[in-house]
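**Q** Count along the sequence shown from 1, add 1, and you get the number used in the numbering used here.
All C-beta atoms in this analysis are idealised placements derived from N, C-alpha and C, irrespective of residue type, glycine included.
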Amino acid sequence: MNLADYLKTGISKWPNWLNLLLLHCNIFGKYAYGTGYVKVIKHIDEADWEKQLLEMVNYAIEHVQYYRKRYGGLRVNTLAEFKEKIRFIDKKEVMEHWEEFVVDNIDWSKCVTGTTGGTSGKPMKLVIPKNRYIHSLAFWHKELKWYGWNYDTRVVIRNHKLEKGRDYMVNPILKEFIFDAFRMDADYAKRVWQIMRKHHIRYIHAYPSAVYQFLKYCTNQNLDTSFIKLCILTSEGVTDEQRHFIEKELYIPIYASYGHSEKLIMAGSCPGSEYYHIEPCYGYCELLDDNGKIISEKNKQGELVGTTFINKYFPLIRYRTGDISSYVDHHCPIHKEEYRLLSGIWGHWDKSVIYRKDGGYTSLTALNLHSEIYEHIDGLQYIQEKKGELIVLIIPNTKYTDTDTRFLKSHFESALGEDARVELKYVNKLIIQSNGKFLPLISKITT
Numbered sequence: 002m003n004l005a006d007y008l009k010t011g012i013s014k015w016p017n018w019l020n021l022l023l024l025h026c027n028i029f030g031k032y033a034y035g036t037g038y039v040k041v042i043k044h045i046d047e048a049d050w051e052k053q054l055l056e057m058v059n060y061a062i063e064h065v066q067y068y069r070k071r072y073g074g075l076r077v078n079t080l081a082e083f084k085e086k087i088r089f090i091d092k093k094e095v096m097e098h099w100e101e102f103v104v105d106n107i108d109w110s111k112c113v114t115g116t117t118g119g120t121s122g123k124p125m126k127l128v129i130p131k132n133r134y135i136h137s138l139a140f141w142h143k144e145l146k147w148y149g150w151n152y153d154t155r156v157v158i159r160n161h162k163l164e165k166g167r168d169y170m171v172n173p174i175l176k177e178f179i180f181d182a183f184r185m186d187a188d189y190a191k192r193v194w195q196i197m198r199k200h201h202i203r204y205i206h207a208y209p210s211a212v213y214q215f216l217k218y219c220t221n222q223n224l225d226t227s228f229i230k231l232c233i234l235t236s237e238g239v240t241d242e243q244r245h246f247i248e249k250e251l252y253i254p255i256y257a258s259y260g261h262s263e264k265l266i267m268a269g270s271c272p273g274s275e276y277y278h279i280e281p282c283y284g285y286c287e288l289l290d291d292n293g294k295i296i297s298e299k300n301k302q303g304e305l306v307g308t309t310f311i312n313k314y315f316p317l318i319r320y321r322t323g324d325i326s327s328y329v330d331h332h333c334p335i336h337k338e339e340y341r342l343l344s345g346i347w348g349h350w351d352k353s354v355i356y357r358k359d360g361g362y363t364s365l366t367a368l369n370l371h372s373e374i375y376e377h378i379d380g381l382q383y384i385q386e387k388k389g390e391l392i393v394l395i396i397p398n399t400k401y402t403d404t405d406t407r408f409l410k411s412h413f414e415s416a417l418g419e420d421a422r423v424e425l426k427y428v429n430k431l432i433i434q435s436n437g438k439f440l441p442l443i444s445k446i447t448t
């Protein structure tokens, strides 16, 4: 493990008393992340994204076997040429030709291997720069600053499993108090809340499902959450239910961001708009329709396609991510035309739709419920094992009544068709994946 990776993950395993002392000494702000980070964040919006794109494409054609075999001798000089001549690739293509994507004469001392997330089948092995955090953190921190964050300490509730007897860990470099999302219950939530109050922590970085559960436990125990300044939500989409509870009932702002292991696209919300602002200088983002054509119009769903600007060791160019979104038909009231906006982002297409009996499908978005019903439930999740059938897991609260049951039954049957079979199941907990993530829809349909 290189030093940067150790400071990001390994140092947290040191004793809390020692890391708390180091944390109090960390008054360096951006300088704690190193000179490379400071340089990136200083000039973060000055780069010419089109120049970066063309340089990366031509570098890959010259130095990476996969692209050289397909485009040898080609020089791409304009964005129009890029769109016309460079083909799309996907996970299957990369895995079948993996060795060809590795740069010629690679210096393994400057990179590490990793994998993509495994929620969509077999993870894909990646080669990534050791200094990848410099760029990812710089763009992420830039957006967090829109909300007033300024290298403040954060509580983290994500995919960490802590050893028995340890309530939390501290990372004094990243200024994090790390908690165990898998342990969350009423007592543990109160312990998290107490530590936040004791150390004056106002920011929470979490999976949406994890912070939703934590805040529900706080609310049920009448614990004041008004001191929380921001929920920083990553790695999962934010459901309407979660957003309504956090923003409308608790009045806590949400920053939601999109990124992935391949580090091709980054986008996040801002105080003026919950839509995702595409960072043009991070990587090149495109939308692709079902026919393989680029989408330029608004409100048309397509697959997100990304091209790296920073990974010369294993460059992915016009890589189909499997994630779905659409361009929004208006601009951010704060940033105006500076950013293109994406609507909500859904995971891999076959995991984001519910299939009707006739083979057609309904998107999760189409199943949206009105805000009142969210006040009567503490959790909602869908399971589909057969086309035309849907299991809905519901955590009812004290406001839930038979009227809600009749409404939900009618709502889902109407969305899926008259011949649909809908079963409502009342549970105490929803299903969390082994990596700590929550999937709104667990689909066992193979298309």
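Put GLY119 into one of helix, strand or coil per three-state DSSP.
**A** Any answer about GLY119 is weak, because its pLDDT of 44 lies below 50 and its placement is not dependable; what the coordinates show is given next. Of the three classes helix, strand and coil, the one that applies to GLY119 here is coil, per DSSP.
**Q** Please state if the CB of VAL212 and the CB of LEU231 are separated by a distance shorter than 8 Å.
**A** No, they are not a contact pair.
**Q** Measuring only the C-alpha atoms, how far is VAL354 from GLN195?
**A** Cα-Cα distance, rounded: 40 Å.
**Q** Would you report the Cα separation of LYS438 and SER210, rounded to the nearest angstrom?
**A** Their Cα atoms are separated by approximately 7 Å.
**Q** According to DSSP, is GLU287 part of a helix, a strand, or is it coil?
**A** Of the three classes helix, strand and coil, the one that applies to GLU287 here is strand, per DSSP.
**Q** State the DSSP-derived secondary structure class of TRP347, mapped to helix, strand or coil.
**A** Correct three-state label for TRP347: strand.
**Q** Could you check where the alpha helix (DSSP H) with ARG244 kicks off and where it finishes?
**A** It spans 241-244 - the alpha helix (DSSP H) in which ARG244 sits, taken as one unbroken run.
**Q** Rounded to a whole number of angstroms, what is the C-alpha to C-alpha distance between GLY208 and TRP347?
**A** Checking the displayed sequence, the identity of residue 208 turns out to be Tyr instead of Gly. The alpha-carbon atoms of TYR208 and TRP347 are separated by roughly 15 Å.
**Q** Tell me which same chain residues have a C-beta within less than 7 Å of the C-beta of LEU23, skipping the five on either side of it?
**A** So the qualifying residues of the chain are PRO173.
**Q** Roughly how many whole angstroms lie between the Cα atoms of GLU101 and THR114?
**A** Cα to Cα, GLU101 sits roughly 15 Å from THR114.
**Q** Does DSSP classify MET125 as helix, strand or coil?
**A** Here MET125 sits in coil by DSSP.
**Q** For the alpha helix (DSSP H) containing GLU406, list its first residue and its last residue.
**A** Reading off the sequence, residue 406 comes out as Thr, not Glu. Here the alpha helix (DSSP H) through THR406 covers 403-417.
**Q** Measuring alpha carbon to alpha carbon, tell me which residue in LEU409, LEU163, SER274, PHE89 is nearest HIS331.
**A** Of LEU409, LEU163, SER274, PHE89, the residue nearest in Cα terms is SER274.
**Q** Hey, out of GLY284, ILE384, VAL65, GLU376, whose CA is closest to ARG244's CA?
**A** Nearest of GLY284, ILE384, VAL65, GLU376 to ARG244, Cα basis: GLU376.
**Q** Looking at the structure shown, is HIS278 part of a helix, part of a strand, or coil, going by DSSP?
**A** Strand.
**Q** Could you tell me the alpha carbon to alpha carbon distance between LEU343 and GLY166, rounded to whole angstroms?
**A** Their Cα atoms are separated by approximately 43 Å.
**Q** Rounded to whole angstroms, what is the Cα-Cα separation between ILE42 and PHE180?
**A** When rounded, the distance between both Cα atoms is 29 Å.
**Q** With DSSP collapsed to three states, give me the class of TYR213.
**A** Three-state DSSP puts TYR213 in a helix.
**Q** Assign GLY119 to buried or exposed, taking buried as 16 or more other Cβ atoms, counted over all protein chains shown, within 10 Å of its Cβ.
**A** Caution is warranted here: a pLDDT of 44 is assigned to GLY119, below 50, making its placement in the model unreliable, and no coordinate value can be reported.
**Q** By DSSP, does ASN17 sit in helix, in strand, or in coil?
**A** The answer is helix: DSSP assigns ASN17 an H, G or I state.
**Q** Which value, in whole angstroms, describes the spacing of the CA atoms of GLU280 and ASP403?
**A** For GLU280 and ASP403, the distance between alpha carbons rounds to 46 Å.
**Q** Cα-Cα, which of ASP241, LYS387, HIS261, GLU263 is closest to ILE255?
**A** Ranking the options by Cα distance to ILE255, first place goes to ASP241.
**Q** Quick check on HIS336: does DSSP put it in helix, strand or coil?
**A** It is coil, neither helix nor strand.
**Q** Is DSSP giving ASN292 helix, strand or coil here?
**A** Here ASN292 sits in coil by DSSP.
**Q** Please report the distance separating the alpha-carbon of ARG133 from that of ILE311.
**A** Straight-line Cα distance between these residues: approximately 8 Å.
**Q** Tell me whether the beta-carbon of THR308 lies closer than 8 Å to the beta-carbon of GLY284.
**A** Yes. Within cutoff.
**Q** Go through its chain and collect everything with a Cβ distance to ARG76's Cβ below 7 Å, but skip five positions before and after it.
**A** The answer, listed in chain order, is ASN59.
**Q** How close, in whole Å, do the beta carbons of VAL156 and PHE183 come, if the pair is a contact with beta carbons under 8 Å?
**A** About 16 Å; that fails the 8 Å criterion.
**Q** Helix, strand or coil: which one does DSSP assign to ASP188?
**A** Of the three classes helix, strand and coil, the one that applies to ASP188 here is helix, per DSSP.
**Q** Go ahead and pull the three-state DSSP assignment for SER110.
**A** If DSSP states are grouped into helix, strand and coil, SER110 belongs with the helices.
**Q** Taking all protein chains shown into account, decide if ILE456 is buried (16 or more other Cβ within 10 angstroms of its Cβ) or exposed.
**A** Any answer about residue 456 is impossible in this case: the structure gives the chain only from 2 up to 448.
**Q** Over what stretch of residues does the alpha helix (DSSP H) that includes ARG69 continue unbroken?
**A** Segment 66-72, the alpha helix (DSSP H) holding ARG69.
**Q** Count the C-beta pairs between the stretch 125-132 and the stretch 265-272 that are closer than 8 Å, then say yes if the count reaches three, no if not.
**A** Not touching, per the Cβ criterion.
**Q** Out of curiosity, what's the CA-to-CA distance linking TRP109 and ILE158?
**A** Roughly 33 Å between the two C-alpha positions.
**Q** Which residues in the same chain have their Cβ closer than 8 Å to the Cβ of ILE247, if we skip the five residues on either side of it in sequence?
**A** Same-chain partners within the cutoff: VAL212, TYR213, LEU216, CYS232, ILE253, ILE255.
**Q** For GLY122, does the count of other Cβ atoms within 10 angstroms reach 16, so buried, or fall short, so exposed?
**A** Caution is warranted here: a pLDDT of 46 is assigned to GLY122, below 50, making its placement in the model unreliable, and no coordinate value can be reported.
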